[in-house]
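Throughout the sequence shown, residue numbering follows full-length UniProt numbering, covering 1 to 250 in sequence.
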Amino acid sequence: MSYPPDPNNPYGQQPPPPGYGYPQQAPPPPGYGYPQQGQPQQPYGYAQQVPPQPGYGYPQPPGTIQANNGYISIANLGTVRIATMGQRFLARLLDYIVTSVIVGIAMAAGLAGAVGLSDKATKDCTVYDAGSTAWNDCLDSNTQAGTNIVLAFFGLLAVIAVFGLLYEWLLVGLAGATIGKMALGLRVVREHDGQHPGVGGGFIRFIIPMVGNLLCGVGTLLVYLSPFFDNSGKLQGWHDRAASTVVIKK
């Protein structure tokens with residue numbers, strides 16, 4: 001097949017037909033080596049960056065349960081271990097022993113004082129003639145002494161009750177632990193910042209089990225067993241949830 005001469009070709013050589021003598025190159029597939037329109041362009045020669053998984057390398061939000069069972073992330077404390085129910089039971093048992101010893105000493109001292117007061121105040125009225133003024137005065141004196149002894153006994157009970165209130169409430173609220181918890185290395189902290197519960201939080205945490213005593217102690221037992229019903233992994237009892245606290249092992 002002949003071609004008309006090209007006026008721009010002084011030698012009269014015919015150009016080869018398109019593709020003659022050269023392999024045909026297929027156009028690159030879409031996206032190969034070139035950014036597509038409408039997509040953000042990445043620098044050529046650099047690996048694509050994969051966004052990090054949530055939580056990887058970053059601090060966890062307060063109250064986040066870690067992958068390891070029994071650990072929790074708390075602000076200002078980092079990752080800490082949740083106290084087990086066995087540890088909490090032993091701590092409460094130690095608290096019961098401590099408070100029982102203190103209350104027993106106070107009761108013994110109070111009763112000894114009451115007996116001594118009764119011996120000194122009570123008079124033998126038989127030495128007076130029955131119906132006489134001296135006899136009546138003696139009886140009145142003995143009655144008053146008995147009343148004072150009863151009042152002293154109830155006053156002692158009130159002091160013991162206040163001690164029980166302040167022991168659990170203030171020690172947990174201000175120090176984060178009772179004597180039993182301190183002995184086992186346990187601490188009660190606020191879930192959102194890791195600080196002590198404070199006076200308000202300590203009172204809420206204390207009063208809820210005490211209200212359970214109105215049900216003959218069954219309510220208190222349920223409150224102390226309620227961490228078993230917590231499916232969040234934090235072992236929070238009803239009193240812990242109300243006060244936004246958790247019990248941790250230092």
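Cβ atoms here follow ideal geometry from the backbone N, Cα and C, with glycine treated the same way. Predicted model, so just to flag it, every value in this text is computed and none were measured.
Using the rule of at least 16 other Cβ atoms within 10 Å of the residue's Cβ for burial, across every protein chain shown, is F206 buried or exposed? By one-based count along the sequence shown, residue 206 stands at place 206. Per the 10 Å Cβ criterion, buried.
K249 in three-state terms, based on DSSP: Taking the first residue of the sequence shown as position 1, residue 249 is located at position 249. The answer is strand: DSSP assigns K249 an E or B state.
Report the three-state DSSP secondary structure of T79 (helix, strand or coil). Along the sequence shown, read from residue 1 onward, the residue named residue 79 stands at position 79. In this structure, T79 counts as strand in the three-state DSSP scheme.
Of the residues F229, H192 and A243, the one placed nearest I74, counting alpha carbons only: Taking the sequence shown and counting its residues from 1, the one referred to as residue 74 is at position 74. That would be H192, whose Cα lies nearest to the Cα of I74.
When we look at the beta-carbon of A158 and count the other beta-carbons within 10 Å, is it buried (16 or more) or exposed? Locating residue 158 in the sequence shown gives position 158, where the first residue counts as 1. Result: exposed.
Count the other C-beta atoms from every protein chain shown that fall within 10 angstroms of the C-beta of D129, then say buried if there are 16 or more, exposed otherwise. Here residue 129 refers to the residue found at position 129 when the sequence shown is read from its first residue. Residue environment for D129: exposed (fewer than 16 other C-beta atoms within 10 angstroms of its C-beta).
For S226, does the three-state DSSP call read helix, strand or coil? Here residue 226 refers to the residue found at position 226 of the sequence shown. DSSP places S226 in helix when its eight states are reduced to three.
What does the Cβ neighbour count give for Q144, buried or exposed, with the cut at 16 atoms within 10 Å? For the purposes of this step, residue 144 is taken as the residue at position 144 of the sequence shown. Exposed, by the Cβ-count rule.
Let's see if you can read the secondary structure: which residues bound the alpha helix (DSSP H) around Y167? Within the sequence shown, the letter at position 167 stands for residue 167. Looking at the DSSP string, the run of the alpha helix (DSSP H) that includes Y167 is T133 to L170.
Since L94 contacts A183 with CB under 8 Å, what's their CB separation in whole angstroms? The residue you call residue 94 lines up with position 94 of the sequence shown. The residue you call residue 183 lines up with position 183 of the sequence shown. With 8 Å as the limit, L94 and A183 qualify as a contact, their Cβ atoms being about 6 Å apart.
Tell me which residue opens and which closes the beta strand (DSSP E) that V188 is part of. Residue 188 sits at position 188 when you count from the first residue of the sequence shown. Segment L186 to R190, the beta strand (DSSP E) holding V188.
If I'm right that residue 251 touches K250 with Cβ under 8 Å, what's the distance once you round it to whole angstroms? No answer is possible for residue 251: it lies beyond the span of the chain, which begins at 1 and ends at 250.
Using a Cβ-Cβ cut-off of 8 Å (strictly less than) and excluding sequence neighbours within five positions of I82, which residues of its own chain qualify? Here residue 82 corresponds to residue number 82 of the sequence shown, with the count starting at 1. Closer than 8 Å at the Cβ level, and outside the excluded window around I82, lie G70, Y71, I72, G233, K234, L235, V246, V247, I248 and K249.
Just to confirm the assignment, what range does the beta strand (DSSP E) spanning residue 256 have? Any property of residue 256 remains undetermined from this structure, which presents the chain solely from 1 to 250.
Where do the N-terminal and C-terminal ends of the beta strand (DSSP E) with S73 fall, by residue? Counted from its first residue, the sequence shown places residue 73 at position 73. Residues Y71 to I74.
Under a Cβ-count criterion, where at least 16 other Cβ atoms within 10 Å of its own Cβ denotes burial, should A177 be classed as buried or exposed? Numbered from its first residue, the sequence shown carries residue 177 at position 177. Per the 10 Å Cβ criterion, buried.
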